[in-house]
Amino acid sequence: MLMFPGVIDRYREFLPVDDATPTVSLGEGSTPLVRSRSIKDSLGCRELYFKLEGCNPTGSFKDRGMVIAIAKALEAGKTRIICASTGNTSASAAAYGARYQLETLVLVPAGEIAIGKLAQAMAYGARILAVNGSFDDALTTVKGIVESWDIELVNSLNPYRIEGQKTGAFEIVDELGGVPDILCIPVGNAGNITAYWKGFKEYRGIGRIKKTPKMMGFQAAGAAPIVRGMPIPNPETIATAIRIGNPASWEQAEVARDESGGLIDMVDDNEIVDAYLRLAREEGIFCEPASSASVAGLLKLPELDVDLTGKTIVCVLTGNGLKDPGTAEKRALVELEYVEPDVGSVMNLLASGN
Numbered sequence: 018m019l020m021f022p023g024v025i026d027r028y029r030e031f032l033p034v035d036d037a038t039p040t041v042s043l044g045e046g047s048t049p050l051v052r053s054r055s056i057k058d059s060l061g062c063r064e065l066y067f068k069l070e071g072c073n074p075t076g077s078f079k080d081r082g083m084v085i086a087i088a089k090a091l092e093a094g095k096t097r098i099i100c101a102s103t104g105n106t107s108a109s110a111a112a113y114g115a116r117y118q119l120e121t122l123v124l125v126p127a128g129e130i131a132i133g134k135l136a137q138a139m140a141y142g143a144r145i146l147a148v149n150g151s152f153d154d155a156l157t158t159v160k161g162i163v164e165s166w167d168i169e170l171v172n173s174l175n176p177y178r179i180e181g182q183k184t185g186a187f188e189i190v191d192e193l194g195g196v197p198d199i200l201c202i203p204v205g206n207a208g209n210i211t212a213y214w215k216g217f218k219e220y221r222g223i224g225r226i227k228k229t230p231k232m233m234g235f236q237a238a239g240a241a242p243i244v245r246g247m248p249i250p251n252p253e254t255i256a257t258a259i260r261i262g263n264p265a266s267w268e269q270a271e272v273a274r275d276e277s278g279g280l281i282d283m284v285d286d287n288e289i290v291d292a293y294l295r296l297a298r299e300e301g302i303f304c305e306p307a308s309s310a311s312v313a314g315l316l317k318l319p320e321l322d323v324d325l326t327g328k329t330i331v332c333v334l335t336g337n338g339l340k341d342p343g344t345a346e347k348r349a350l351v352e353l354e355y356v357e358p359d360v361g362s363v364m365n366l367l368a369s370g371n
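Counting from 1 along the sequence shown, just add 17 to a position and that's the residue number in my numbering.
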């Protein structure tokens with residue numbers, strides 16, 4: 018028994034589960050909503066919060082959807098699961114697969130996965146196939162395998178993934194006691210913006226909230242098919258989690274944008290890294306680069322003539338910074354200083370001003 022209620026226990030009435038569905042959990046959900054202490058002041062908004070999805074069990078938002086996908090797979094008697102991944106989905110699938118004794122197969126684009134994410138899937142014991150191609154190539158291959166083999170697809174094409182991920186929207190409303198004016202969120206395969214919009218609409222439908230936020234999605238400039246209006250054959254960005262050229266939930270993301278009166282725009286790698294470092298150094302929040310696309314996009318909104326005055330804003334930070342430690346090592350521009358292990362040497366170094 019878990020002392021910490023997971024997504025299924027907390028939001029059962031809103032999920033496609035019943036008495037026949039196993040109550041699966043690793044303690045996912047109920048992630049912190051942290052008020053900004055610094056970045057807010059440069060924007061003129063009323064309040065700014067960060068939803069820390071990196072506090073989920075495998076370090077990303079993927080756990081919210083994976084728990085429902087796994088529960089329904091177990092309910093259906095499945096013994097194998099499969100996904101294509103830029104890293105976070107593979108880590109989540111492998112973790113839940115290990116806990117519930119499901120054979121887990123993941124396909125990843127060769128050489129394109131951050132080491133922190135790949136290490137997780139390895140540790141959990143998944144079988145990992147590195148595809149000579151992009152994430153989109155890997156997903157196409159996975160879809161073909163599912164058609165010819167008895168194995169459960171747990172990418173966000175699986176509708177149960179979206180059902181679980183919508184609980185992030187519920188938590189924001191429950192924590193704030195209301196709805197934000199604007200929600201900023203990274204867009205890769207576009208399942209998360211789809212899920213959050215679904216969650217807000219469901220809460221409005223039962224009268225929990227009277228309005229919904231404007232959904233502001235942000236792609237990386239080198240992987241921005243929705244913004245550019247065409248698939249990107251070879252997407253490229255430092256934000257590996259959103260390095261996707263043909264999102265599975267493209268149409269649904271556009272619906273979320275249009276119905277909410279929001280937008281989907283793009284931010285370049287320099288803007289992503291700047292936001293990544295600002296979050297770490299001004300807010301004490303270490304997220305992976307793809308997560309910081311939401312904040313990079315927020316910082317860009319005034320340039321797009323979006324008035325933030327008096328607004329309450331939530332930025333979803335989708336993954337933990339430890340997922341991609343290489344970016345910090347390369348971009349933080351902090352050098353180790355070597356010193357002898359005695360007080361005098363340390364004090365002399367500090368006094369030198371170097």
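Even glycine gets a Cβ: it sits at the ideal position worked out from N, Cα and C.
Contact between the stretch 347-357 and the stretch 269-280 is not established, with fewer than three Cβ pairs separated by less than 8 Å. An exposed status is given to Q118, since fewer than 16 other beta-carbon atoms sit within 10 Å of its beta-carbon.
Note on G71: 16 or more other CB atoms within 10 angstroms of its CB, so buried under the neighbour-count rule. Measuring C-alpha to C-alpha distances from P39 to each of I56, E92 and P33 identifies E92 as the nearest. In the DSSP annotation of this structure, V360 is not part of any beta strand (DSSP E); the continuous alpha helix (DSSP H) holding it starts and ends at V360 to A368. Annotation for I281: no alpha helix (DSSP H) segment contains it, though the beta strand (DSSP E) segment containing it runs L280 to V284. Taking a cut-off of 8 Å for Cβ pairs, the stretch 65-84 and the stretch 171-180 touch, as three or more such pairs fall below it. Burial is judged here by how many other beta carbons sit within 10 angstroms of a residue's own beta carbon; N263 has at least 16 and is buried. Separation of G104 and L135 (C-alpha to C-alpha, rounded to the nearest whole angstrom) is 6 Å. The distance from the Cβ of G61 to that of L325 is about 6 Å, consistent with a contact at the 8 Å cut-off. Cβ atoms of A265 and G216 stay farther apart than 8 Å, at about 18 Å. Under DSSP, G234 takes part in a beta bridge, and its partners are I202 and I281. The residues G104, T257, K340, D341 and G343, in chain order, have a CB closer than 7 Å to that of A131 in the same chain once the five nearest residues on each side in sequence are set aside.
Boundaries of the alpha helix (DSSP H) harbouring E219: G208 to G222, taken from the DSSP string. Residue environment analysis places L318 among the buried positions, since at least 16 neighbouring C-beta atoms fall within 10 angstroms of its C-beta.
Counting along the chain, A256 sits inside no alpha helix (DSSP H), nor does DSSP assign it H or E at all.
Contact annotation, C100 with C201: C-beta distance approximately 26 Å; criterion of less than 8 Å not satisfied. DSSP places N149 in the coil class of the three-state scheme, outside both helix and strand. According to DSSP, N337 shares a beta bridge with C304. Rounded to whole angstroms, the gap between the alpha carbons of I243 and Y220 is 27 Å. The three-state reading of DSSP puts V244 in helix, counting H, G and I together. The criterion of a C-beta distance shorter than 8 Å is satisfied by V24 and G181.
Scanning V163, I226 and Y213 for the CA closest to the CA of L193 turns up I226.
Positions of the beta strand (DSSP E) runs, each at least 3 residues long and wholly inside the stretch 119-203, are given as 120-126, 144-148 and 199-203 in order along the chain. Per DSSP, the continuous alpha helix (DSSP H) segment holding L91 begins and ends at K79 to E92. Close CB contacts of R144 within its chain, under the 8 Å cut and outside five residues either way in sequence, are with E120, T121, L122 and V123 (chain order). Linking K57 to P306 through their CA atoms gives a straight-line distance of about 20 Å. Distance check between A110 and each of I162, S369, A86 and A127 places A86 closest, using alpha-carbon atoms only.
Residue environment analysis places T96 among the exposed positions, since fewer than 16 neighbouring C-beta atoms fall within 10 angstroms of its C-beta.
Taking C-beta separations shorter than 6 Å and ignoring five residues to either side along the sequence, the partners of A212 in its chain run I179, Q182 and K183, following chain order. Under the DSSP definition of a beta bridge, T329 partners with E64. I99 sits in a strand when the DSSP states are folded into three classes.
Across the set E299, D285 and I281, the C-alpha of I281 shows the shortest separation from the C-alpha of V323. Excluding the 5 residues flanking it on each side, Y293 has same chain C-beta neighbours closer than 6 Å at P306 and S309, in chain order. With fewer than 16 other Cβ atoms from the protein chains shown falling within 10 Å of its own Cβ, W166 counts as exposed. About 6 Å separates the Cβ atoms of A240 and I259, confirming a contact at the 8 Å cut-off.
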